[in-house]
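Written below as structure tokens is the structure these notes are about.
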Amino acid sequence: MIGSAAAALLVLTGKTAGVSGIVDGALRGESGEWRWKVAFLAGLVAGGLLLAWRMPAALAETSPRSMPWVIAGGLLVGFGARLGGGCTSGHGVCGIGRGSLRGLVGTAIFIAVGALVVFLLRTFA
Amino acid sequence: MKTAIAFACGILFAVGLGISGMLQPAKVLGFLDFFGAWDPTLLGVMVGAIPIYMLAWWRWRGRPSIWGSLVPTKASQVLDARLVIGASLFGIGWGFVGVCPGPAVTNLAAPSVFTMSVLAAMLAGIALSFLVPARVK
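The listed protein sequences derive, respectively, from chains D and P. Start counting the first sequence at 159; every next residue gets the next number (our numbering). Start counting the second sequence at 124; every next residue gets the next number (our numbering).
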């Protein structure tokens, strides 16, 4: 479904379904782009509401991590995604799907680093 | 039309995230726990999504999309410090919280202290990235 959604956006509008880039453009009010970007984000929330209605267990309201980790994690995810030019959807699905070396390397790095962090936190925190 | 399509794609994308388990930080952290009780099921997200996307891109690249701009031909092959540092910071954050940008937005549908905090922190992180000069970026 994620693949179909990203593929449909590409074929129907020529746009890339990278969520961090979409949030970025929507925040900046990027001219000519922000309308579809805001609409995509509204669609994400609408999809979330659909899940809340039919499949509430799919949505998470809590986390295994305590608040300082949550805040630090959110900040790093947002900042890192924009600095590196992509997140899980932009590099991981659309980048790799188009044969982008940048997307492949970016994805390999964030999965490897994420795994290392999870290991370190489980061992020492 | 483009706006309506983007909205519909957003819905489909969110439902896909929900069904796969990407909206649950505990599950995402389990996927990242390579050295412990590794839960590989989220690999299915990439295994499922990439081939569909690849096929669509291969078929349409360089052509006009149906209601919008050209479908991009090339994808970036550039490897630079920005990518390495950015993806590393993203990985650290992802390992801390277990939420990436798509789920952070989708979880707005289930407002809680946790989901609001992640989203607010992520938006702040994105806004901070605006301060990095484009030359360095």
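For each residue, glycine too, the CB sits at the ideal point set by N, CA and C. Every value quoted in this text rests on a predicted model; they were computed, and no experiment measured them.
Residue nearest to THR265(D) within the set PHE277(D), ALA239(D), ALA283(D) and ARG280(D) is ALA239(D) (criterion: CA-CA distance). In the DSSP assignment, TRP190(P) falls outside any alpha helix (DSSP H), carrying neither H nor E.
For a Cβ distance threshold of 8 Å, residue set ALA273, VAL276, PHE277 and ARG280 of chain D lies close to ASP156(P), ordered along the chain. Listed along chain P, the residues sitting closer than 7 Å to TRP227(D) by beta-carbon distance are PHE219 and VAL220. Interface flag for ALA210(D) against chain P is set, since a Cβ pair is found closer than 7 Å. Around the beta-carbon of LEU202(P), fewer than 16 other beta-carbon atoms lie within 10 Å, marking it exposed. Contact between the region 160 to 174 of chain D and the region 186 to 204 of chain P is established, with three or more Cβ pairs separated by less than 8 Å.
Between ALA270(D) and ALA233(P) a beta carbon distance of about 30 Å is seen, past the 8 Å cut, so the two are scored as non-contacting. Ranking PRO214(D), VAL235(D), LEU234(D) and LEU199(D) by CA distance to the CA of LEU135(P) puts LEU199(D) first.
Contacts with chain P (Cβ-Cβ distance below 8 Å) from the region 169 to 198 of chain D involve VAL169, LEU170, THR171, GLY172, LYS173, THR174, ALA175, VAL177, SER178, VAL181, ASP182, LEU185, ARG186, ARG193, TRP194, LYS195, ALA197 and PHE198, listed in chain order. With a cutoff of 7 Å on beta-carbon distance, LEU152(P) and VAL251(D) are scored as not near each other.
For TRP161(P), no alpha helix (DSSP H) encloses it, and the DSSP letter there is neither H nor E. The Cβ of PRO163(P) sits no closer than 7 Å to any Cβ of chain D. With a contact defined as Cβ atoms closer than 8 Å, ILE175(P) and ALA165(D) qualify at about 5 Å. Listed along chain P are GLY225, each with a C-beta nearer than 7 Å to that of SER247(D). Comparing alpha-carbon positions, the option among PRO214(D), GLY244(D), MET213(D) and GLY255(D) lying closest to PRO195(P) turns out to be GLY255(D). Within the model, the alpha-carbon separation for ALA230(D) versus ALA179(P) is close to 37 Å.
In its chain, beyond the 5 residues on either side, ALA137, LEU140 and LEU146 have a beta carbon closer than 7 Å to the beta carbon of THR229(P).
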